[in-house]
Structures are given as C-alpha cells and as structure tokens.
Amino acid sequence: MAFLGIWAGNPVLAASVCGTGSVCEGVSTISLINGCVYDGGAGGCVVPGRYNMEYTCDGDCKYPFTQWECPFNASPCEIKTSNVYLDCCTGGGGGSTYVAPKCSDVGYPNGVLTCESPATNVCVTYPTECDRYFPSKKTVSCGGDFTKLSCQKNCGCCADGDNFSCSNTTYQHTYWIAGWVLNNRGEMVPAPNTFSCRTINDVHVSSLPFNRTTDCVVDRWEEIVQCKHTSVCKTCGCKTPCFSSAPSKPVLTSPVNGTEVTVGSAIRLEWNAITNWGTSCAVQNNQYEVCVSGNQAGCNLVNYLDRNQNIFYNWTPTVADNYVTWSVRANNGALTNESNIRSLCVEGGANISAWSACSNVTHQRTRTCTETCGTDDCAGVAKVETCQGLVRGTLFDASSIDICPSFDPNTGYLIGLPAGTKIASRDFGMTDASNTAPHPWSPLSVVRTNANGNFSINVYPNATYNLNFDLLSDIYVTTPKLTCSGSGTQAVVPNNPSSCLTQPCSVVNNMSFGFTRVFGGWWQLVGGNAHGEKGIRSNIPSSLPTEQSLILPDTAAGNRVGFLSYGVTKTADMLGSNPGAQVSGKRWEKQSSYDGLIYDWGFYNTRFNLFPVTSWNGTDPISYVDGGRGYQIFKADSSVSAFNYNPSGSQKIIIHVNGDFRVTGNIVVPDGAFLMIIAKGAITFGQGVTRADGWYVADTIRVPCKDVDGVAGCDGTDVQFLGNGSFVGWGGLNFSRNLGAANNDTPAEKFSYRQDLFTNAPDPVRVYTKLYKPFIP
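Here it is as structure tokens:
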C-alpha cells in the first residue's frame, strides 16, 4: 500500500484558502479500512477492521490520497480504490472530495454514529476487542474529520441512551478470508482476521485450529485465493437500558386496625391483589411478603413469602401481646413496596391473681384480674368472695362394729356401712372452739345428718369447731365408740388455700364417728317358756359381753332352758337388728298357735264359785286367815290402785280383781308361800318396783318406763324390773322400761321361772285335764 501526499507549509496561503479564522492542520490522522472479507453470516463482504493513518496537508489544504472501500456485494471480496482529496481546513472549505464512512456503511451495521463538536457523551471503557474497532477515548472519527470528535459509548453504534451488552453464551462463525501473509516461519498463510464475527457488534472470543490444505482455495498457479476461518464469538448488541420500578402498594383489608384476636385461634390476614407489579431488570419474581412483628423491629413472629400470590395468610398467635403489627410487601425481585402497617391485640385470656388470705373480720378474700386486650375476659371473674369451709362425715351405729369402715375421699363420707347402722336425720352440736374476738362463729348450715347418716356443714374457715353429740343421748352413748378422723371431736378448718378456685375451699373430710346404741325395752327370760300369740319382740343388744340370747339357761335348775313359741310368722327383727341375737343356746323355738282353754279372770270367776272367798275392798291391809284350808281367796269388785303386800311363811294368797291392778312396791314371795294376782283389766308394775314374785294373770301386763322430764318419751333413767314366777297377759304384755346406757348389757325386764311356785300352788288354781283319744281296735 502507498499513500502519496504533498504539504506546502504556507500558512498565509492556507488562510486564504481556508478562510479567515481557519488554518490547515498540518499533520492529521484518518481511519482506514483493513481488508475486505466475506462474511457468511452477513452474506457479503465486510471490513474486518480499521487502523489510523497520519497525513500532512498541502499548501492549499487539500491532501490527495487513495480511498479504500469494500463493496458488500463484491466478488471476490476485494478492496476497491478511488482517488480523493482530504480537506485540511479546520473550519472546512478545503475542497475535499472525501466522504467519511457513515454508520449505515457495512463497517457500522445497525448503529447511528453521531459526530459532535465538541463531544458530550461520556466515555466508558469496553473490552480490548472493542478498542480495535472504536477506541474508548476521544479520537478522530467520522472518516478522519479531525474537527468532528466523538466518544464512542460501546463497540457498536447504539442509539443514545441504549446499552451495549453481550450474552454469556458463544457461537461459532465460519467465513472466508481473501489474501495471504507470511507467518513467523516464512510460510504463506491466509491473512487472519481473528476479530471477525457475524456482526461488527459481536465480540471475538477465540479461533478454531486452521489447516491450509483443507481450509484454503488456490488458483491454477496454486496461489491462495481465500481460506475458510472459524471464530468463536459472543452475540452483542444494543439494548434499551432497563430501569427497575417498584410494584404497587398492597392495601390491607382485614382485620381492621386494632382488632382483638385470641391465642390459639387462627386469624385470616387479607389484602387486595395488586395489578401493577412494576419491572425487575433482573428476574421478574412477583411475590407477597407477610410480616408479623411482636417487637416492631423485625418480622419475629411471621416472615412468610407467598410465591403463589395468594391474598391472605392464616396466622395462629401463640403468645399474648397487646401490640402486634402486620403488613404485606409486594416484591417483584428487584424492588418492594410495603402496605400500611396495622396492629392487632393478641388476647391470652384473663390473668387472674391468686386469692388473698381470708379476712377474720369480713370472712372474704380478694383477687385481681387483668387481661391483655380490653376488659371482656375479666367481666365475669369474681374479685371478692366469701370464704367457706366444709366439715363432712358420717355418724353410724357402732354397737356391732369395731373398726371404722372405708372412707371415700371424693365425698368425704364412709362407705360400706351395714344396713340399719346409719344414724339418719339426727341433729347434733357444733360450736366454735374460740371465744376470742372476732370469734365465736356459728355454722353456716344445719348441723344434721341426712337419710344416709352423712352430714355436710358449711362453716367459716381458719377456725376449730367442737362437735357435741349430747342430742343423741336418747338412743346412743354420747361419747363415740369409734373416731374415724385423727383429730377427735374437733374439726380443724384451715384458711382457704389461694390455689382453690371453687368454694368451699377448706374441706375437712371423714369427721366420722361410731356410737354405742343405748338399747331400750328389751327383756330376757331365765329357765322358762315364752309364748306370744301375736309374736314377740325384744331388741337383744350386740354389746352384751356374754350370751346374746332371749332365754338364758337356769343354772340353779340344771341349766334348764325354756322354749319359745309364737302364733304368727316370725319377723326378721323379732330379736332386733343384732345379727348375733338368738332365742337360746338350744335355739328351741316354734311357730305354734295356742288353741287351749283361756285361764283368765272369767275362767277363775266361775271356778272360784266352788271355793270360799273373802271380799276385799282393795285398800284395806291384807289379813290372812285361811281357816285351815291352806289358802285364802280375796275378791275385789273394783280396781286396786296400790298393792305391795308380801306373803310370809306358808301363806298362799289368791287375789281376784274385777278391774285393773297396780303394784306399787316390791313383792317378795318366799319359798313355801304362794301369791297369785288375777285381774280382769291390766296389771301394772309401778316405776319404782324392782321385783315382783308370784303368778300374774290379766288381760294386759304392763311394766312402764319413767317419764317425768316433760319431754315425750322415756327418760332413760329406769331401774331393772325382775319378775320371778309366771306372767300371763291374754291381751298382751307391754315392757317399756329404759335403763339408758345400762341397756347395753342389762335387760330392762328380766323374768325367771320359779318351780317352787308351781309346786306350792293351792287347789283353786290347779286344773286337771284329761285327754280322750278314741281307740280303734
């Protein structure tokens, strides 16, 4: 290549040629093309590169030189030349015919090159491969017009404001190169163009290996015409710069600000869906971010990403907090936009303090109630309540029981008591043991057992109460036989514990006691027989230390034991409730109705017509004169209200009374004597009578109890009645004496059979009978 040029160096001439204020520049630089090669991707001839050439203007400010061009459709791809002049005047007008390359030329594909004077674009640095094409500094551009400077912003000509960038992937670009050069071994090889890619904007990365034999085309003189070359390139180009923009702000819808929620209950947080997600120049990744905060410094309760763009989130609070905030951010992958912040109050329920100690003055205790949100949870919580205690237990008949039965801690009562041993519906005493102010306190409920013998008495706590059982004295010994609690008859009721939430809070269980029954009205027979046409009844106590029998053997008569008969069906309680009670050791008994003669007042009234009698007014002293008969019959036409005569020696007295007969003193009949009282009505033994010997026959025989205390019922202060002989009440016998506590081991009425009275009976009361039975031979 040869460049010809002449420089005159005459500034005066230059000024006249260029015009006032414009001079020739002298030495300047112009950008020239470097080859013309075929680009298969472009489908035509392209300039593989450029280089700068210095030149010197001539005296008329015109520089002649040969302009090289690379027509796109040339075949083969060869440089075309033309002679032109360069304008050397700084203000133009030098008469140059040179046409600088434009961005529309093949060497500037897809770009717009703007020549500015002075340049205003900001120069940036690009890869070295780009500098070969468009240096990243202020240089002469636009075809070497020195007065027009341009700062290239990228390796191509991009529109103002666009960015030039390359992909991360590569491609292979194969093209033909015309011409050849000597390599460093003196060999002729195709002229390489390692920067050639599909477009001038793309960036060359590397070249594939080259083989002259297989990759080149030679002419008939075996000179290389062109060679095939393969480059590895990255696709580059202009792109409008991306500016990330934030999405729209989400709008919270539910719950409203300040809503009260509950620990353990899910709450649905909701917001409106946004329609503008903005732009992310990276990866567009639209999602909602839910933030729930209990410390207002971070999303410490919930930090949830919803990539499905749901517009709700279900949150279940676990801890009470009076101020919890929540918000929702829209995130497009580059920028976020947060909603307004709303608050919640998480209610954990009422915070109730422990109860205070009970006041001895007001009998009340207090507590406080607070809550995290509002006052509704505390509305139904009592702040003041009356302190109460409860004393529970069971009263039972322990006459036949020696060990306390089982105790049920759930009820405070005894269980497993035998039938008939519960002391039901009975009052007893309960008093405060202290008299020091503000004591004493009275029980708050009736002190009484129920139908099962159980009692439950409300009292004020923090006190000791004494139990008193004097009100049971009509039936029981008031000192308990069995004490089932460890505190005796004192119920120690402590203060209400603060942990107790339901009154009564001070419960004393199993204040249970067993008592020995005071048996009344029971009678006993020694050595004789007994018959009750309509049945008999005697409550044999279980407290007897020895034989618990109705009929005892007569030890003085060879342990003779009597026989019991009754004209009706035997009842289960004939001998009371004592399971150990029996008729006798022999257990001789029989249901058998009496159908013989009735030896009553009427019978003897007729019979005594056969014998001499002595009239008696019932009040005069008995004057015994038997006239040698060995007996005397006294006959009274009316009742006898007081009798206490005692036969002596061998006196045998029979008294026949048309009415009632009352014995007011002890009657003692010695052995050898005899006494028989026959009354049409009732024979009654006075309350002071302790012994009555003889035979007594009446419609009714009565041994009443003492009742002088003004209270209905026996006083329980009677003495034992001893009846020796025979006692016949054709209408019935009524024994009702009550010895009180002595009933437990002593019968109130005790009857003994006397054989001597039977032996000494006189003829008027002896009856001889014959039994005739037909004989069938």
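For any residue, its number in my numbering is found by taking its place in the sequence shown, counting from 1, and adding 18.
For each residue, glycine too, the CB sits at the ideal point set by N, CA and C.
For clarity, every value in this text was computed on a predicted model and none was experimentally measured.
DSSP links Ser100 through a beta bridge to Gln85. Residue environment: Gln705 is assigned as buried (16 or more neighbouring CB atoms within 10 Å of its CB, all protein chains considered).
Secondary structure note for Phe776: it is in no beta strand (DSSP E), and the uninterrupted alpha helix (DSSP H) holding it is Gln773 to Thr777. When only Cα atoms are considered, Ser595 and Ser556 end up about 10 Å apart. Going by beta carbons, Ser656 and Gly677 fall inside the 7 Å limit.
Cys107 is classed as buried because its beta carbon has at least 16 other beta carbons within 10 Å across all chains shown. Shown here, Tyr622 sits in a helix according to DSSP, grouped into three states.
In the structure shown, the three-state DSSP call for Ala574 is helix. Pairwise C-beta distances place the region 452-461 out of contact with the region 417-428, as fewer than three of them are shorter than 8 Å. Assignment of beta-bridge partners to Ser225 by DSSP yields Ser249. Leu319 and Cys309 have their alpha carbons spaced roughly 8 Å apart. The C-beta separation of Glu365 from Asp324 comes to about 27 Å, leaving the pair out of contact by the 8 Å criterion. Taking the Cα positions, Ala437 is about 36 Å away from Trp459.
Taken in chain order, the complete beta strand (DSSP E) segments of 3 residues or longer contained in the region 235-319 are 242-257, 270-272, 277-280, 285-289 and 305-311. The residues Pro456, in chain order, have a CB closer than 7 Å to that of Val379 in the same chain once the five nearest residues on each side in sequence are set aside.
Judged by DSSP secondary structure, Arg230 falls within the alpha helix (DSSP H) whose first and last residues are Arg230 to Asp233. In the structure shown, Gly603 adopts coil according to DSSP, grouped into three states.
A direct Cα-Cα distance of roughly 46 Å separates Gly580 from Leu485. When the alpha-carbon of Ile701 is set against those of Leu751, Gln521 and Thr293, the nearest one is in Leu751.
Cys299 is classed as exposed because its beta carbon has fewer than 16 other beta carbons within 10 Å across all chains shown. Considered as a whole, the region 352-384 harbours 354-356, 360-365 and 382-384 as its complete beta strand (DSSP E) runs of no fewer than 3 residues, in chain order. At the C-beta level, Asp727 and Asp736 stay beyond 7 Å of one another. For Cys396, the secondary structure class from DSSP, reduced to helix, strand or coil, is helix. Proximity of the region 479-493 to the region 524-537 meets the contact definition, three or more beta-carbon pairs being nearer than 8 Å. With a minimum length of 3 residues, the unbroken runs of beta strand (DSSP E) contained wholly in the region 413-489 fall at 424-426, 431-433, 447-450, 472-477 and 481-486.
Judged by DSSP in its simplified three-state form, Val783 adopts helix. Per DSSP, Gly749 is one residue of the beta strand (DSSP E) stretching across Phe739 to Phe753. For Gly276 and Tyr341, the gap between their C-alpha atoms comes out near 8 Å. Here the alpha carbon of Gln382 sits roughly 24 Å from the alpha carbon of Gln508. Per DSSP, reduced to three states, the secondary structure at Asn349 is strand.
The beta carbons of Val544 and Ser770 sit closer together than 7 Å. Contact between Thr390 and Lys401 does not hold, since their C-beta atoms are separated by about 18 Å, which reaches or exceeds 8 Å. Just so you know, the alpha carbons of Ala548 and Ser583 end up roughly 6 Å apart.
DSSP, read as helix, strand or coil, puts Asn514 in coil. Gly620 and Lys698 have their alpha carbons spaced roughly 8 Å apart. If you look at Leu582, you'll find it in the beta strand (DSSP E) that goes Leu582 to Tyr584.
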